[in-house]
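Peer 1: For the protein sequence lines, the chains are A and B, in the order given.
So the first sequence is numbered by the working numbering: it starts at 23 and just counts up by one.
So the second sequence is numbered by the working numbering: it starts at 585 and just counts up by one.
In this text, a Cβ means the ideal position worked out from N, Cα and C, and glycines have one as well.
Only a predicted model underlies this, so the values are computations on that prediction, with no experimental measurement involved.
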Amino acid sequence: MASTKLYTIIFVVLAALTTVQAWVEISGFLDQSYWLAFGILGVVASVKALMVAGYFQHLRSEPRSITYVYAAGLMAALALTVAAAYSIT
Amino acid sequence: MPDDNNGDDGSVPSGERDASPESRADGGEVTDGGHAVREELPAGDEHGHDFPSMGTVKRWLVTTNHKDVGILYTVTSLFFLVFGGLLALLFRLELTTASGSFLTGTAYNQAVTAHGLLMVFFFLSPFAFGFANYFVPLQLGAKDLAFPRLNALSYWLYLLAGGLFGLSFLQGSTFAGGWTMYAPLNLPMYLPEGVGSTTAVMAMIMFVISVTVSSVNFLTTMHRMRAEGMRIRDMPLFSMSILLTVWMMLFAFAALLAALIILASDHILGTTYFAATEGGSLLWAHLFWFFGHPEVYIVFFPALGMMAEVFQTFTGRRIVGRKWFIAAMTLVALQSFVVWMHHMFLTSINLEIKTLFMATTIGISLPFDLMVFALIYTMIKGRIRFTTPFLFAFGALLLFIVGGITGVFLGAVVLDYEFRGTYWVVAHFHYVMVGGAMAMFGALYYWYPKMTGKMYDEFLGKAHFALSFVGFNLLYFPQFVAWETPRRVYNYQPEFVTWHQLSTVGAFVFGLSFLLMFYNFYKSYHHGEDAGDAPWKYASSAEWAIPSPPSLENFPGVPSYKGGSLSFLSEEEVHGAAAADGGPAHGHATGDAHAGGHDDHASYWPLLSSVAVFVLFVGLAGTNGGGTVYTATAALGGLALLGTAAGWVVESFHVSEPELASRWPFDGVENTKLGVWIFLASDVVVFGAFVGSYIFIRVAEGWQNWHHLLPADHVVLPGLINTYLLLASSFSIVLAMVAAEKKSRAGVVAGLVTTLVLGIGFLINKGIEWSHFFHIHSEHFPEGWTFGTNVASSTFYLTTGMHGLHVTLGLLVLLWMIPRAWRGAYTSTEDGDKPLEYFGLYWHFVDIVWLFLFPLFYIL
Ligand code: HEM
Ligand SMILES: [Cu+2]
Chain A
23 MASTKLYTII FVVLAALTTV QAWVEISGFL DQSYWLAFGI LGVVASVKAL MVAGYFQHLR
83 SEPRSITYVY AAGLMAALAL TVAAAYSIT
Chain B
585 MPDDNNGDDG SVPSGERDAS PESRADGGEV TDGGHAVREE LPAGDEHGHD FPSMGTVKRW
645 LVTTNHKDVG ILYTVTSLFF LVFGGLLALL FRLELTTASG SFLTGTAYNQ AVTAHGLLMV
705 FFFLSPFAFG FANYFVPLQL GAKDLAFPRL NALSYWLYLL AGGLFGLSFL QGSTFAGGWT
765 MYAPLNLPMY LPEGVGSTTA VMAMIMFVIS VTVSSVNFLT TMHRMRAEGM RIRDMPLFSM
825 SILLTVWMML FAFAALLAAL IILASDHILG TTYFAATEGG SLLWAHLFWF FGHPEVYIVF
885 FPALGMMAEV FQTFTGRRIV GRKWFIAAMT LVALQSFVVW MHHMFLTSIN LEIKTLFMAT
945 TIGISLPFDL MVFALIYTMI KGRIRFTTPF LFAFGALLLF IVGGITGVFL GAVVLDYEFR
1005 GTYWVVAHFH YVMVGGAMAM FGALYYWYPK MTGKMYDEFL GKAHFALSFV GFNLLYFPQF
1065 VAWETPRRVY NYQPEFVTWH QLSTVGAFVF GLSFLLMFYN FYKSYHHGED AGDAPWKYAS
1125 SAEWAIPSPP SLENFPGVPS YKGGSLSFLS EEEVHGAAAA DGGPAHGHAT GDAHAGGHDD
1185 HASYWPLLSS VAVFVLFVGL AGTNGGGTVY TATAALGGLA LLGTAAGWVV ESFHVSEPEL
1245 ASRWPFDGVE NTKLGVWIFL ASDVVVFGAF VGSYIFIRVA EGWQNWHHLL PADHVVLPGL
1305 INTYLLLASS FSIVLAMVAA EKKSRAGVVA GLVTTLVLGI GFLINKGIEW SHFFHIHSEH
1365 FPEGWTFGTN VASSTFYLTT GMHGLHVTLG LLVLLWMIPR AWRGAYTSTE DGDKPLEYFG
1425 LYWHFVDIVW LFLFPLFYIL
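1. Which residues of chain B have a Cβ atom closer than 8 Å to the Cβ of Ala3 (chain A), listed in chain order?
2. Quick check: does the Cβ of Thr945 (chain B) come within less than 7 Å of any heavy atom belonging to ligand 1?
3. Exposed or buried, what is Ile1348 (chain B) when buried is set at 16 or more other beta-carbons lying within 10 Å of its beta-carbon?
4. Spatial neighbours of Ala1047 (chain B) within its chain, please: C-beta separation below 7 Å, excluding the five flanking residues on both sides.
5. Within the present structure, is the beta-carbon of Phe884 (chain B) separated from the nearest heavy atom of ligand 1 by less than 7 Å?
6. Taking 8 Å as the CB-CB limit, is Ala107 (chain A) close to chain B?
7. Tell me where the alpha helix (DSSP H) around Val830 (chain B) begins and ends.
8. Quick one, which residues of the region 995 to 1011 of chain B are near chain A if we go by CB-CB under 8 Å, in chain order?
9. Could you give the uninterrupted runs of the beta strand (DSSP E) lying entirely in the region 1317 to 1381 of chain B, keeping only those of 3 residues or more?
10. Along chain B, which residues have their Cβ under 8 Å away from the Cβ of Ile88 (chain A)?
11. Looking at the C-beta of Tyr1308 (chain B), does it have a partner C-beta in chain A at a distance below 8 Å?
12. Please list, in chain order, the residues of the region 45 to 70 of chain A that have any C-beta partner in chain B closer than 9 Å.
13. Could you pull the start and end residues of the beta strand (DSSP E) that Phe1152 (chain B) belongs to?
14. Which chain A residues are close to Met925 (chain B), counting only those with a beta carbon under 8 Å from its beta carbon?
15. By alpha-carbon positions, which one of B:Gly900, B:Leu708, B:Val992 ends up nearest to Arg967 (chain B)?
16. At 4 residues or longer, what runs of the alpha helix (DSSP H) sit wholly inside the region 995 to 1077 of chain B?
17. Less than 8 Å between the beta carbons of Thr897 (chain B) and Trp1120 (chain B), yes or no?
18. Within the region 651 to 713 of chain B, note down every full alpha helix (DSSP H) run reaching 4 residues or more, in order along the chain.
19. Just checking, does the region 951 to 958 of chain B make contact with the region 912 to 921 of chain B on the three C-beta pairs under 8 Å criterion?
20. Name the chain A residues that come within less than 8 Å of Phe835 (chain B), Cβ to Cβ?
21. Would Val42 (chain A) pass as an interface residue toward chain E - the criterion being a Cβ-Cβ separation below 8 Å?
22. So is Val74 (chain A) in contact with chain B if we call contact Cβ pairs under 8 Å?
23. Do you know how far the Cα of Gly876 (chain B) is from the Cα of Pro710 (chain B)?
24. Starting from the beta carbon of Ile1352 (chain B), find every residue of chain A whose beta carbon is closer than 9 Å, and list them in chain order.
25. So, with DSSP's three-state summary, where would you put Ala784 (chain B)?
26. Specify the secondary structure class of Ala860 (chain B) as computed by DSSP and reduced to three states.
27. What's the gap between the Cα of Ala37 (chain A) and the Cα of Phe1441 (chain B)?
28. Could you check where the alpha helix (DSSP H) with Pro1190 (chain B) kicks off and where it finishes?
29. Which partner residues does Glu812 (chain B) have in the DSSP bridge list?
30. When you compare only the Cα positions, how much space is there between Ser607 (chain B) and Gly1160 (chain B)?
31. Quick check on the burial criterion: 16 or more other C-beta atoms within 10 angstroms. Buried or exposed for Leu1223 (chain B)?
32. Please confirm whether Leu1435 (chain B) has its beta-carbon closer than 8 Å to some beta-carbon of chain A.
33. Decide if Glu1137 (chain B) is buried, meaning its Cβ has at least 16 other Cβ atoms within 10 Å, or exposed.
34. Taking all protein chains shown into account, do 16 or more other C-beta atoms lie within 10 angstroms of the C-beta of Trp868 (chain B), making it buried, or fewer, making it exposed?
35. Exposed or buried, which one is Glu1243 (chain B) when buried takes at least 16 other CB atoms within 10 Å?
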């Protein structure tokens, strides 16, 4: 079990990253170069999710197999989303 | 004997076990009974003692025992077989003429639709799961499933979902859009008037909830409660097939759940997903078939496993290439998630993806070939005894070969252009699915002696096989010949009339043959010979090493395969061994200190909660168009559900985790935590499908064209605030956990209250935002921006609404937990903080979902 201090740091980072995401829109960056901003937002969201999963859900200290189960669900959802979106003519 | 062959050498039910590692006299310090008992447990109360006997009605209403539940599933599924079968006879009669005779129009459509839904969902899978409930724990050496009350809940939800479906017939008309429920024909404007169609959709949702609960339960059980020494690959093939089936179920049904919730929302709230001109109907096809293709294996795998067991027993031979057989099944289970678009070759998907899915489809038929050959070689190498179960299994193999070959035709894009929408498809899938059912009937004969203790009548059994096999082929083979008949309509080309009349005759022969089966089972139950413990020579899985029927606690001791074959250990030996192994990791977290203590087997709450869900769903189905009676019913059901949920958690229900077990690959967690995780994994797919639907519709619409569908006031700020709130609430839960570890009661309460307040803040903020959008009067949206305004509003409200529902449920749990925390529930005992942890896992998951919804719905 990690310490309160570590958890606090993580929370602060999460909040800061959220602010960055909002800033991407508010600053007009999104309008300027949409797809670059899109990429950044996606990466930031994923990083945040990984932090919550890794530390708050403490997947880091669970057996790896639990992570695989979680990831399997994610893979299934991604397969559906990507293939379906790609299939559109 | 190869060591991956657990029982083919015959199991040795003996209490002895060499080299017992008696390093500890008594596992005192492992389980040291007395601590970690749930607080409300009335002292000295043993529920097990007043468990009613099998002759009483009460027993069947309260039982949570896996064998009882198995019997309930079996009997109920056979009821739905008859229900669906009668509907089929009705429309087969209609089809004796080439144009409408007596069942025309909506009656025909309803009969065909309900037949498909009932057979696929309410008969095939539950029939398989009757056996799974009864025999998987026996084959693994477990006393019961991991969560017996949830198991009973699955059953009652299933039964009452069937009841809800039945009710829909009485509400004017049931769903009439085909079992695949293709859009847009699944929408109110194309369906018969009345509430019935929506009720049928709600029935399907209820059924899927039941399936999800079951999947979590079976996965936890099968991964963590196998007898010592039984590795996954050592499991008997039936259990193996069930394990793979439940993994597929977990993810596939999650996609169906999302699809059905969206459909219900289109019906009830008036969202416009499937009516969307850009891609609405394609979206349904994707969601449905992403579920649907795995589903065809979900119904077929258990049958395959049963075939393998029956083949092994009646050829007296281990299946040829067992390892490869298992590998092939595993491969198919994985591949089943990447072939779904072969059901969509005639939609507007692009040619590249069609080609890709044609390739994956051809790929998936290869492992099937391997399995078929393994079964054939097993027969060649063994010495066959032609009993009823074998005949059925063998017949099923032949039917599957025909069905499989005709399926490969359909998998080829160009051929499917011809075959799609014809009776070729109908004949194909009946050969495979009803072929699978034939294998399961064989299994019913095979296991009947174990379940009842009585032997069935062999002559009648064989007669049933002969009649049903002839009837089957007479029923479905002509459909290949007359394949150009269009499917799902009641009139067809007159030149096929003879074939269809033959088919109808076959249907009656097939249907009536089941009278023999029911009569046989009825008669044998009352007058049959005693079967004895092991009526089948060479049958070797563990269920044959115990009495027929088995006792409530299944085994005379604790099963173990450590010595290479089955033996039963005494309590002392177990304690010794468990201590030597270091004991179960976090083993007694659920408050089950003494493994030897009496487990509970009775609870009313599964039944009562299911009734509450039933009432809730009856009401919900009618809230749009049914009048205030329905709304009131929904409210009543909702309240009842809250009440029963409370009753459920208050009830003290003791279930022990086995001290000694094979738990790969989840050694390091306890059952409940694993259950929570598995559930969350399926929820990932539910939300994934929601987000995927949004992305799909938006891509179809043109990703960047989207903004003109949004009101100008749709800005980042409310989403940003809510993100902060949710992150903070996740943090406060973590702080509560930390406080619990330090045994600080005040800290826990403070953490939970903070979470509650932040969560409420989240909902209030959302409420303000929503009501603002609802009442907008802008140039583009003079009537407000509501559920049905456009696809953007639909996806926005439903996706974030589903998330909001998760938040609300979490808050309800918190309302429950806070007073308990105040009373010290999470701080006074060693493992008392476990519920906090489980809640945290859920809450953080809800948080993570939002982390993706925020950019998708508020920024991009
Ligand atoms: C052995 C390999 C198999 C192949 C290559 C295959 C291929 C196909 C294809 C391409 C279709 C779509 C036909 C169309 O709608 O035009 C189809 C339909 C279907 N298959 Fe199979 N199949 C196979 C095995 C199975 C099995 C084992 C089952 C179930 C036990 C099954 C059940 C179904 C069902 C239910 C449909 C009809 C869906 C509908 O209502 O439209 N198939 N099959
Ligand atoms: Cu398929």
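Peer 2: With the given structure in hand:
1. Nothing can be reported for residue 3 (chain A), as the shown portion of chain A is limited to 23 through 111.
2. yes
3. exposed
4. Leu1100
5. yes
6. yes
7. 821 to 852
8. none
9. none
10. Phe1250, Val1253, Leu1258, Trp1261
11. yes
12. Val46, Glu47, Ile48, Leu52, Tyr56, Ala59, Phe60, Leu63, Gly64, Val66, Ala67, Ser68, Lys70
13. 1151 to 1153
14. Ala105, Ser109
15. B:Gly900
16. 997 to 1003, 1007 to 1036, 1042 to 1065
17. yes
18. 689 to 701
19. yes
20. Ala94, Gly95, Ala98
21. Annotation note: the requested chain E is absent from the structure, which comprises protein chains A and B.
22. yes
23. 17 Å
24. Here the premise fails: no neighbours, minimum Cβ distance about 18 Å.
25. helix
26. coil
27. 18 Å
28. 1189 to 1206
29. B:Ser1144
30. For Ser607 (chain B), the predicted model reports a pLDDT of 31, less than 50, meaning its position is unreliable; a value from the coordinates is still stated below. Rounded to the nearest angstrom, the two C-alpha atoms are 6 Å apart.
31. exposed
32. yes
33. exposed
34. buried
35. buried
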